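Remarks on the structure that follows.
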Amino acid sequence: MSQQAHAEPIAPRGRPASKPESRGRAVRAVLVGIALFYVLVLIVAPLAGIMYYGLRNGVGPITDTFSQPDVRHALYLTVLIMLITVVVTTVLGLVVAFVLARDRFPGKSLLSAFVNLPLAVSPVVVGLMAILLFGRGGWFEPFFSAQGIQIVFALPSMVIVTIFISIPFVIREVVPLLEELGMDEEQAAWTLGASRLQTFLRITLPNIRWGLFYGMALSAARAIGEVGAVLVVSGQVQGRTETATLYILRAFDQYQAERGYIVALTLAAFSIVLLIGIEAFRRRSLKRAGQE
Amino acid sequence: MAIGVHNVSKRFGDFVALDDVSLAIPTGSLTVLLGPSGSGKSTLLRVIAGLEQPDSGEVAIAETDATALPPQKRGVGFVFQHYASFKRMTVRDNIAFGMKIQKRSKNEIRARVDELLELVQLQGLAGRYPSQLSGGQRQRMALARALAVQPKVLLLDEPFGALDARVRKELRAWLRRLHDEVHVTTVLVTHDQEEAMEVADRIAVVNQGRIEQYGKPRDLYEHPATEFVMTFVGPVTRFGEAYIRPHDLEVELQPSARYEEATVEKVVHLGFEVRVELALSEGERLEAQLTKREAERLELLEGQRVFVRPSRLTEVEEDAPGARVAS
């Protein structure tokens with residue numbers, strides 16, 4: 002006669018958390034709380050503040066602000082500099098990224114360090130460097146003044162310094178991608194008859210697409226937010242060499258706070274759009290990388 | 004001659020990858036470059052493909068000097084160890100790539116891709132992406148892609164190295180059948196001696212940047228030109244001064260003329276064959292390979308005293324067929 006052994010329950014009951022587990026959960030909750038607090042206080046609150054001060058008097062001040070020639074010119078200048086910067090840093094960045102990722106040559110680590118230099122140097126210092134090089138008595142000044150081109154206290158120097166501070170972003174995104182991708186696909190394309198250009202356009206570029214866009218978006222965001230270097234080289238001539246950020250500085254200085262807030266809000270809105278783009282690109286880039 | 008390599012040398016910094024290498028590969032054959040890691044076999048393959056530039060020497064493909072030609076113009080198909088699939092394209096687009104570059108008509112491309120899909124048995128997977136395929140499937144796609152543009156020469160760089168053992172064996176046999184059907188001159192690089200023996204019409208054994216022997220598999224096995232070839236192309240065990248094949252070692256229970264005394268250290272049953280590890284009276288270690296029947300007949304036990312003799316000594320012959328590299 003067989004005995005029925007004491008049967009275990011088929012679905013195990015949930016057991017209460019052990020001491021170390023609940024302690025771990027508490028720690029995590031605190032850390033998440035700190036992170037949320039940081040984001041709220043340092044990012045969301047100021048943004049909300051700008052929105053409040055800019056929009057509280059309705060549409061009137063907004064149309065008034067955008068009708069100011071200074072404001073229009075400042076925004077135009079910001080967008081122009083940003084576009085030139087993105088184009089130049091993308092093309093230049095791709096070239097440098099390929100050289101860094103693929104070639105072997107003496108001095109390579111030096112080049113790599115130089116690429117990161119703009120991140121380490123204060124933008125004000127960058128502006129001063131530009132003045133030293135292109136301003137009166139500077140190394141390059143005689144050449145340009147002979148051509149009749151004004152560099153400092155004019156658009157060219159503003160573009161130059163903005164490009165300089167934006168250089169690292171595309172390169173830093175693309176180099177690891179190229180290194181990880183390796184040359185197998187490209188070499189396979191060559192053996193199938195594709196020229197280097199065809200291979201670059203059909204194989205390489207699509208493979209680095211999202212990382213490249215991510216770098217370009219970062220570059221654009223950095224360019225429109227630039228203050229220090231542009232402040233130094235532009236001479237801040239309103240209506241001529243004043244970017245949106247410089248306009249905001251002046252607006253607060255000259256007791257036109259509301260206009261300042263509105264322009265700041267415009268920049269913030271643009272940055273948020275870029276941010277959403279950046280995040281979307283980053284997700285796609287990571288997703289592709291995991292899709293091996 | 005489909006491929007002619009003449010006095011090719013290549014170094015990477017201080018490392019000599021290829022040292023004055025010459026080789027002539029007949030049209031329509033399947034040649035295997037066999038050697039250990041770092042022997043230079045992959046470098047040689049890539050030099051033939053134009054993916055590496057030699058420091059000196061020439062490469063000829065289909066009787067034309069190809070040394071100055073880039074890979075695009077050499078008419079070579081190349082299959083990589085890690086597939087090199089175009090990740091962003093479907094299987095169909097991968098295979099069609101070369102033909103699209105050649106600007107063939109859409110109909111022609113479609114027909115040829117369908118033909119190749121059938122050849123490599125990937126019908127029905129044309130719309131998939133490489134990440135949705137198994138390793139074996141990706142490699143078959145790579146083969147179809149390389150064959151699509153009708154290369155003069157097909158080069159495979161350890162094509163089955165990244166696959167697991169069973170798939171490797173299947174694809175190996177499949178490749179041999181494919182070659183018999185399609186007859187493209189093929190060169191395959193591997194470090195797997197068994198793979199080489201199974202697949203090749205001819206084997207070139209590569210060691211430290213040099214070709215030690217180039218010939219038919221059987222010639223390499225039975226008449227090795229150097230000690231390295233002998234030890235690499237088949238199992239060996241030392242008997243005194245010479246190397247012999249373990250299956251050429253006879254084991255008996257009774258002493259007899261020219262037999263040496265030995266003690267059984269271990270008996271390993273490997274399915275159809277039995278490996279017997281022995282120690283001679285001076286302590287030297289030997290390995291004998293017996294068939295299951297022989298082993299059963301002898302009923303060997305560990306510690307048992309037996310008598311061994313080589314049934315034949317495979318001597319390393321400097322004048323072995325294929326020992327001098329054909330030119």
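Going line by line, the protein sequences match chains A and B.
For the first sequence, counting from 1, position 39 maps to 40 in the numbering used here; every step adds exactly one.
For the second sequence, counting from 1, position 29 maps to 32 in the numbering used here; every step adds exactly one.
Even for Gly, the Cβ is constructed at its ideal location relative to N, Cα and C.
As the structure is a prediction and not an experimental result, all values here were calculated from the model.
Tell me which same chain residues have a C-beta within less than 6 Å of the C-beta of residue i, skipping the five on either side of it?
i	result
L182/A	N208
G78/B	P154 and K155
By Cβ distance below 7 Å, which residues in the same chain neighbour residue i in space, the five residues on each side in sequence not counted?
i	result
E149/B	Position check: residue 149/B holds Ala in this sequence, whereas Glu was assumed. For A149/B, where only same-chain residues beyond five positions count, the Cβ hits under 7 Å are G80, F81, V82 and L157.
E184/B	none
L37/A	none
S158/A	A131, F135, I152 and V234
Quick check on DSSP: helix, strand or coil for residue i?
i	result
L112/A	helix
N58/A	coil
G130/B	coil
L86/B	Reading the sequence as shown, one finds Tyr at residue 86/B and not Leu. Coil.
M2/A	Low local confidence applies: a pLDDT of 44 at M2/A is under 50, so the model's placement there is unreliable, and no value is given.
R137/A	coil
H182/B	helix
I28/B	strand
E259/A	helix
V35/B	strand
H74/A	helix
V328/B	Its pLDDT being 42, under 50, V328/B is placed unreliably by the model, and the measurement read from it follows with that caveat. DSSP places V328/B in coil when its eight states are reduced to three.
R221/B	helix
Mark residue i as exposed unless 16 or more other C-beta atoms lie within 10 angstroms of its C-beta, in which case mark it buried.
i	result
K13/B	buried
Y248/A	buried
L204/A	In the sequence under discussion, the amino acid at residue 204/A is Ile, which differs from the Leu named in the question. Answer is buried; the Cβ neighbour count reaches 16.
Y217/B	buried
I164/A	buried
A20/B	buried
G127/B	exposed
N58/A	exposed
P169/A	buried
Q292/B	buried
H272/B	exposed
E187/A	buried
N117/A	exposed
Among the options, whose alpha-carbon lies nearest the alpha-carbon of residue i?
i	options	result
V238/A	L43/A, A75/A, V45/A and Q69/A	A75/A
V153/A	D185/A, V171/A and A230/A	A230/A
V100/A	S158/A, L112/A and I273/A	L112/A
K155/B	V187/B, E299/B and E66/B	V187/B
P227/B	Y246/B, R241/B and R107/B	Y246/B
L206/A	E243/A, L95/A, E280/A and A270/A	L95/A
E198/B	Q211/B, G212/B, P220/B and I214/B	P220/B
V192/B	A207/B, Q153/B, A168/B and E253/B	A207/B
V92/A	L276/A, G216/A, G34/A and Q199/A	G216/A
G237/B	R143/B, S45/B and H194/B	H194/B
R141/B	N97/B, R115/B, A114/B and D160/B	N97/B
M184/A	L159/B, S42/B, A87/B and T67/B	A87/B
R180/B	I51/B, E201/B and R261/B	E201/B
E66/B	A27/B, L36/B, S32/B and R49/B	A27/B
V89/A	S220/A, G226/A and Y262/A	S220/A
Looking at the C-beta of residue i, does it have a partner C-beta in chain A at a distance below 8 Å?
i	result
G43/B	no
R14/B	no
L136/B	no
P74/B	yes
A52/B	yes
G80/B	yes
H155/B	Looking at the sequence shown, residue 155/B is not His but Lys. It does not; no Cβ of chain A falls within 8 Å.
A87/B	yes
Q140/B	no
P90/B	Before going further, note that residue 90/B is Lys rather than Pro in the sequence given. By this cut-off, K90/B is an interface position.
F100/B	yes
Q105/B	yes
V152/B	yes
F83/B	yes
Enumerate in chain order the residues of its own chain whose CB-to-CB distance from residue i is below 8 Å, with the five nearest sequence positions on each side excluded.
i	result
L232/A	V125, G128, L247 and L250
A98/A	V171, I172, V175, V176 and L179
L174/B	G139, Q142, R143, P162, F163 and L166
Check whether chain B comes within 8 Å of residue i, counting only Cβ atoms and requiring the distance to be less than that.
i	result
E293/A	Reliability fails at E293/A, whose pLDDT of 43 lies under 50, so the model's placement of it is uncertain and no value is given.
E186/A	yes
W191/A	yes
A195/A	yes
N208/A	yes
Q255/A	no
Q199/A	yes
I51/A	no
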